[in-house]
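Chemist: Protein chains in written order, with the numbering used here: chain V, 1 to 161; chain E, 1 to 161.
Right, here's the structure in full:
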């Protein structure tokens, strides 16, 4: 319990710091994008570190779907204390991971009223996923979408070279 | 295991972000102090939140020493996975908490060679302790000192009004 809270609180503080910091520089519109990308970048590096630990005793993966299943199950449980509830794919490199009760959104009141605040609290996690996949050899674009708190959909699009 | 790493990695990223961010603004000497105080402030707010959770089922405390014992044991175990190894006091409001293997310093090589990097990685934790104590009604100044990694001493000085 304590540890979860430790991570969640630190995450909240970090988001709030990064947004305040930008605001204090007197810039405005481009800020949002910068903050999101700062948080995403931090998540990316943490995701790279985490996946290295999590996979050190795992057998190698058969294919992309196998990797995604690992992310949905082992990775998600380790980081967010639960599995992804639903994984869908178009079998052409796009995956949608749905979490019906996403850990970093549970502090919000349910429903639609704070929807516009959500992206702040998802950027870091998008980075986590992108970093993890990147270290497993998959270059991806990861975005997140909330239509009703605290449920959240992460979309992973593999970049073909 | 995973959770500890999650917190440690996020902490590392945060420290590195805050220092890089300051550096990019082209200021120099006053930077160190600003970074330390930013990190300390983040820790402070997290410490306030944590202690509220940790003490919700605890009986009330007899005196300051009783509070400090709680910090050394329950609080430290919840946050850093071990107890404080040694607690000393002059019975006049100063406490020294010694941790012989402080969680956020274990990634450094032992010994003296990175000593000057240590304050960066202690500021947040000083804030955690100060925030926790503050919510228990004790206004304190908390500083940390390392003479040999990964051992660390936190000094808590209660501010008399």
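Built from N, CA and C at the ideal position, the CB exists for glycine as well.
Answer yes or no: do residue 47 of chain E and residue 136 of chain E have a C-beta to C-beta separation smaller than 8 Å?
Modeler: Residue 47 of chain E sits at position 47 when you count from the first residue of the second chain. Residue 136 of chain E sits at position 136 when you count from the first residue of the second chain. Not in contact: residue 47 of chain E and residue 136 of chain E (Cβ atoms no closer than 8 Å).
Chemist: Entirely within the stretch 61 to 114 of chain V and at least 3 residues each: give me those beta strand (DSSP E) ranges in chain order.
Modeler: Complete beta strand (DSSP E) runs here, min 3: 86 to 89 and 94 to 99.
Chemist: Counting only the same chain and skipping the five closest in sequence on each side, list residues whose C-beta sits under 8 Å from that of residue 117 of chain V.
Modeler: Sequence index remark: in the first chain, residue 117 of chain V carries index 117 (1-based). Result list for residue 117 of chain V: 108, in chain order.
Chemist: Name the DSSP beta bridge partners of residue 152 of chain V, please?
Modeler: Translated into positions along the first chain, residue 152 of chain V becomes position 152. BP columns for residue 152 of chain V point to V:99.
Chemist: Does residue 142 of chain V come out as helix, strand or coil in the three-state DSSP assignment?
Modeler: Mapped onto the first chain, residue 142 of chain V falls at position 142. Strand, per DSSP.
Chemist: Taking C-beta to C-beta, are residue 6 of chain V and residue 122 of chain E nearer than 8 Å?
Modeler: Your numbering for residue 6 of chain V matches position 6 in the first chain. Your numbering for residue 122 of chain E matches position 122 in the second chain. No, Cβ-Cβ distance for residue 6 of chain V and residue 122 of chain E is not below 8 Å.
Chemist: Determine the DSSP secondary structure at residue 58 of chain E, reduced to helix, strand or coil.
Modeler: Translated into the one-based positions of the second chain, residue 58 of chain E becomes position 58. DSSP places residue 58 of chain E in coil when its eight states are reduced to three.
Chemist: Tell me whether the stretch 148 to 157 of chain V and the stretch 80 to 99 of chain E touch, counting them as touching only if at least three CB pairs, one residue from each stretch, are closer than 8 Å.
Modeler: As far as the Cβ criterion goes, the stretch 148 to 157 of chain V does not touch the stretch 80 to 99 of chain E, which means the pair count is below three.
Chemist: Closer than 9 Å, Cβ to Cβ, to anything on chain V: give me those residues from the stretch 98 to 111 of chain E, in chain order.
Modeler: Result list empty, no residue passes.
Chemist: Between residue 10 of chain E and residue 17 of chain V, which are expected to be in contact by the criterion C-beta below 8 Å, what is the C-beta distance as a whole number of angstroms?
Modeler: On the second chain, position 10 is the one that residue 10 of chain E refers to. On the first chain, position 17 is the one that residue 17 of chain V refers to. Wrong, their Cβ atoms sit about 12 Å apart, outside the cutoff.
Chemist: When the cut-off is 8 Å and only beta carbons count, does residue 42 of chain V lie next to chain E?
Modeler: As a working mapping, residue 42 of chain V is identified with position 42 in the first chain. Yes, because at least one Cβ of chain E sits closer than 8 Å to the Cβ of residue 42 of chain V.
Chemist: Is DSSP giving residue 134 of chain E helix, strand or coil here?
Modeler: The residue labelled residue 134 of chain E in the question sits at position 134 within the second chain. Three-state DSSP puts residue 134 of chain E in a helix.
Chemist: Please list the partners that residue 129 of chain E has in chain V, where partner means a Cβ-to-Cβ separation under 7 Å.
Modeler: Walking along the second chain from the start, residue 129 of chain E turns up at place 129. By Cβ distance, chain V contributes nothing, its closest Cβ being about 14 Å from residue 129 of chain E, past 7 Å.
Chemist: Can you say whether residue 130 of chain E is buried or exposed, counting buried as having 16 or more other CB atoms within 10 angstroms of its CB?
Modeler: Mapped onto the second chain, residue 130 of chain E falls at position 130. So residue 130 of chain E ends up on the buried side.
Chemist: Cα-Cα, which of V:35, V:66, V:85 and V:90 is closest to residue 100 of chain V?
Modeler: As a first step, residue 100 of chain V must be located in the first chain, where it is residue number 100. Comparing Cα positions, the closest option is V:85.
Chemist: Apply the 10 Å Cβ neighbour rule to residue 1 of chain E and answer buried if 16 or more other Cβ atoms are within range, or exposed otherwise.
Modeler: Here residue 1 of chain E corresponds to residue number 1 of the second chain, with the count starting at 1. Below a pLDDT of 50, predicted positions are generally treated as unreliable, and residue 1 of chain E, at 46, falls in that range; no measurement from the model is reported.
Chemist: 8 Å is my cut-off, CB to CB: does residue 133 of chain E come that close to chain V?
Modeler: Numbered from 1 along the second chain, position 133 holds the residue referred to as residue 133 of chain E. It does not: the Cβ of residue 133 of chain E has no partner Cβ on chain V nearer than 8 Å.
Chemist: Is any beta-carbon of chain V found at less than 8 Å from that of residue 6 of chain E?
Modeler: Counting from 1 along the second chain, the entry for residue 6 of chain E is found at position 6. With 8 Å as the cut-off, residue 6 of chain E counts as an interface residue toward chain V.
Chemist: What number of angstroms, rounded off, separates the C-alpha of residue 87 of chain E from the C-alpha of residue 95 of chain E?
Modeler: The count along the second chain starts at 1 and reaches residue 87 of chain E at position 87. The count along the second chain starts at 1 and reaches residue 95 of chain E at position 95. In a straight line, the C-alpha of residue 87 of chain E is about 7 Å away from that of residue 95 of chain E.
Chemist: Just to confirm, is the Cβ distance from residue 105 of chain E to residue 42 of chain E under 8 Å?
Modeler: Taking the second chain and counting its residues from 1, one reaches residue 105 of chain E at position 105. Taking the second chain and counting its residues from 1, one reaches residue 42 of chain E at position 42. No, they are not a contact pair.
Chemist: Whole angstroms are fine: how far does the CA of residue 119 of chain V sit from the CA of residue 144 of chain V?
Modeler: Counting from 1 along the first chain, the entry for residue 144 of chain V is found at position 144. Counting from 1 along the first chain, the entry for residue 119 of chain V is found at position 119. The alpha-carbon atoms of residue 144 of chain V and residue 119 of chain V are separated by roughly 8 Å.
Chemist: So residue 66 of chain V contacts chain E; which residues on that side make the cut at Cβ distance below 8 Å?
Modeler: Residue 66 of chain V sits at position 66 when you count from the first residue of the first chain. Under the 8 Å cutoff, chain E gives no residues; its nearest Cβ is about 20 Å from residue 66 of chain V.
Chemist: Chain E beta carbons: is any one of them nearer than 8 Å to that of residue 143 of chain V?
Modeler: Translated into positions along the first chain, residue 143 of chain V becomes position 143. It does not; no Cβ of chain E falls within 8 Å.
Chemist: How about residue 17 of chain E: is its C-beta nearer than 8 Å to some C-beta of chain V?
Modeler: In the second chain, residue 17 of chain E corresponds to position 17, counting from 1. For residue 17 of chain E, the answer is yes, since a Cβ of chain V falls inside 8 Å of its Cβ.
Chemist: Where residue 159 of chain E and residue 63 of chain E are concerned, what is the direct C-alpha to C-alpha distance, given to the nearest angstrom?
Modeler: Taking the second chain and counting its residues from 1, the one referred to as residue 159 of chain E is at position 159. Taking the second chain and counting its residues from 1, the one referred to as residue 63 of chain E is at position 63. So the two alpha carbons sit approximately 15 Å from each other.
Chemist: For chain E, check one thing: does any of its Cβ atoms lie closer than 8 Å to the Cβ of residue 154 of chain V?
Modeler: If you number the first chain from 1, residue 154 of chain V lands on position 154. So no, residue 154 of chain V is outside the interface.
Chemist: Under a three-way DSSP split, which group does residue 37 of chain V fall into?
Modeler: For the purposes of this step, residue 37 of chain V is taken as residue 37 along the first chain, with counting starting at 1. DSSP places residue 37 of chain V in helix when its eight states are reduced to three.
Chemist: In three-state terms, what does DSSP make of residue 147 of chain E?
Modeler: As a working mapping, residue 147 of chain E is identified with position 147 in the second chain. In the structure shown, residue 147 of chain E sits in coil (DSSP, three-state: anything other than H, G, I, E or B).
Chemist: Below 8 Å on C-beta distance, what does residue 50 of chain E contact in chain V?
Modeler: Here the question's residue 50 of chain E lines up with position 50 in the second chain. Simply 2, 5, 6 and 9.
Chemist: So which residues of chain V does residue 38 of chain E contact, with C-beta pairs closer than 8 Å?
Modeler: The residue given as residue 38 of chain E occupies position 38 in the second chain. By Cβ distance, chain V contributes 17.
Chemist: How many Å lie between residue 40 of chain E and residue 140 of chain E at the Cα?
Modeler: Translated into the one-based positions of the second chain, residue 40 of chain E becomes position 40. Translated into the one-based positions of the second chain, residue 140 of chain E becomes position 140. About 13 Å.
Chemist: Name the chain V residues whose beta carbon is nearer than 7 Å to that of residue 53 of chain E?
Modeler: Position 53 of the second chain, counted from the first residue, corresponds to residue 53 of chain E. 5, listed in chain order.
Chemist: What do you get for residue 97 of chain E, buried or exposed, if any count of 16 or more other CB atoms within 10 angstroms of its CB means buried?
Modeler: Translated into the one-based positions of the second chain, residue 97 of chain E becomes position 97. Under this definition residue 97 of chain E is a buried residue.
Chemist: Taking just the CA atoms, how far does residue 132 of chain V sit from residue 56 of chain V?
Modeler: In the first chain, counting from the first residue as 1, residue 56 of chain V sits at position 56. In the first chain, counting from the first residue as 1, residue 132 of chain V sits at position 132. The alpha-carbon atoms of residue 56 of chain V and residue 132 of chain V are separated by roughly 13 Å.
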